[in-house]
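With the first letter of the sequence shown counted as 1, position 42 gets the number 41 in numbering that gives the first Met the number 0; the numbers rise by one all the way through. In this text, a Cβ means the ideal position worked out from N, Cα and C, and glycines have one as well. Have a look at the structure below before the remarks.
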Amino acid sequence: MFDVIIIGAGPAGLTASIYLARSGKKSLVLEAKSYGGQIINTLDIENYPGLNHVSGFDLATNMYNQAKELGATIKFEKVVNIKNTTKEKIVITREGNEYKSKAIILATGNEKRKLNLDNEEKLTGRGISYCATCDGAFYKKKIVMVNGGGNTAIEDALYLSNIASKVYVVHRRDTFRADMKTINLLKEKDNVEFIYNSVITKINGDEKLESVEITDKDNNKKVINIDGLFIAIGAIPENENFKNVVNLDNSGYIITNEDCHTSTSGIFAAGDTRGKELRQLVTATNDGAIAANEAIKYINNLE
Ligand code: NAP
């Protein structure tokens, strides 16, 4: 029996495990993929107070090691169901294990949003990628396209502009939501071409990606030959497995109050998976600390 089971080993979940360990509570962190969440693919973080420049991988690895050294148990298993009884919470994993706890913190983050076009799945890994820092090196002196207008897209395009011979940036509006500093750096690059007010409507290729069809807001279409397509159109929560135990909003985010309480007593949500305005590294770690603190208070009340 654990005091708290934390689902997700991104910045929110790892922060929660650090706080729980330091308060003497026994926690289990369950993670379906690798630790670190979305920052694992961020090359350079410069908005985390006090660290100036840090790679997402290094920061995530430090958080992971810190949690382990403080005594957190971390297992790589995917949670498929939660049962909430009056006595205990039961967490069931795809790997066939059942774990019991007094409280749960849901810190499952987000999944990359897909374009949902024909060929997208088939050509993923064959010219289509969702991670420039993972796959960018395959496109040395080649022609690539980035789709999206947020920080991820603009940072990806900047990164790729130093590798590829040409980078198209396709965005559905004519203004970006990324921060101005990064946009300005990208605009200085002479191998970057911006295509505004446009969406990708077709992905062409048999064995590998060959071209995409772009459609603008006046319904004009054109086909552009590219070697690589980096899709960076945001992320969506994957909370289907938890909708039997917590209330979700219309977009699938977990509804909480500002202290990370969900609709169910003893189940808390932290980080990008909960409904909130600002999803950043700093707000995820902030949530992790708050959720841990609330879980500790909840457990102490039970006792
Ligand atoms: P995001 O900010 O949600 O941006 C997603 C972009 O994709 C938006 O420009 C959006 O267009 C576009 N989009 C969404 N759905 C689309 C679709 N179906 N077809 C075409 N375009 C679509 O996502 P993100 O860039 O991944 O960033 C997520 C969060 O992480 C943000 O808070 C971001 O600031 C943060 N982040 C921070 C850093 C950093 O600080 N270093 C780095 C990466 C990410 P619209 O603009 O028209 O909505």
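Apply the 10 Å Cβ neighbour rule to residue i and answer buried if 16 or more other Cβ atoms are within range, or exposed otherwise.
i, result
"G36", "buried"
"C133", "exposed"
"L159", "buried"
"D343", "The first residue shown for the chain is 0 and the last is 302, placing residue 343 beyond what the model contains."
"L13", "buried"
"D189", "exposed"
"S16", "buried"
"A59", "buried"
"K82", "exposed"
"A152", "buried"
Starting from residue i and walking both ways along the beta strand (DSSP E), at which residues does that stretch end?
i, result
"A268", "I266 to A268"
"D155", "Where D155 is concerned, there is no enclosing beta strand (DSSP E), although the alpha helix (DSSP H) it sits in stretches over N150 to S160."
"V143", "I142 to N146"
"I17", "Looking at the DSSP string, I17 is not in any beta strand (DSSP E); the run it does join, the alpha helix (DSSP H), is P10 to R21."
"I4", "F1 to I6"
"V53", "Neither: V53 is in no beta strand (DSSP E) and is coded neither H nor E."
"K165", "K165 to V169"
Going by C-alpha to C-alpha distance, which of the options sits closest to residue i?
i, options, result
"L247", "N96, Q65, R273 and L277", "R273"
"E364", "T181, L27, V28 and E187", "In this structure the chain extends from 0 to 302, so residue 364 is not present and cannot be described."
"L280", "D2, F1, P10 and I4", "P10"
"A31", "I254, L301, N109 and G135", "N109"
"E237", "G135, Y252, A294 and N51", "Y252"
"T261", "N51, I142, I104 and G147", "I104"
"T84", "K121, K101 and L185", "K101"
"A131", "E120, I162 and S22", "I162"
"K111", "N285, Y98 and T123", "T123"
"I7", "V90, S22 and D215", "It is worth fixing the name first, because residue 7 is Gly in this sequence and not Ile. Of the listed residues, the one whose Cα sits closest to G7 is V90."
"I235", "T284, K216 and R278", "R278"
Under DSSP, the alpha helix (DSSP H) around residue i begins and ends at which residues?
i, result
"S26", "No alpha helix (DSSP H) contains S26, which is instead part of the beta strand (DSSP E) from S26 to L29."
"V281", "L280 to L301"
- 4 or more residues per run - each alpha helix (DSSP H) lying fully within the region 174–233: 179–186
- Task: Could you tell me whether the region 203–210 touches the region 222–233, using the rule of 3 or more Cβ pairs below 8 Å?
- Result: yes
- Query: Which ranges does the beta strand (DSSP E) cover as unbroken runs of at least 3 residues, wholly within the region 60–137, from first to last along the chain?
  - Reply: 72–74, 78–83, 88–92, 97–105 and 109–111
- Kindly confirm or deny that the region 225–236 and the region 117–137 touch, where touching means at least three C-beta pairs closer than 8 Å. yes
- Query: Would the region 169–184 and the region 139–152 be scored as touching if the rule is three or more Cβ pairs under 8 Å?
  - Reply: yes
- Item | Stretch-stretch touch, CB-based, cutoff 8 Å, three pairs: the region 161–170 with the region 191–198 | yes
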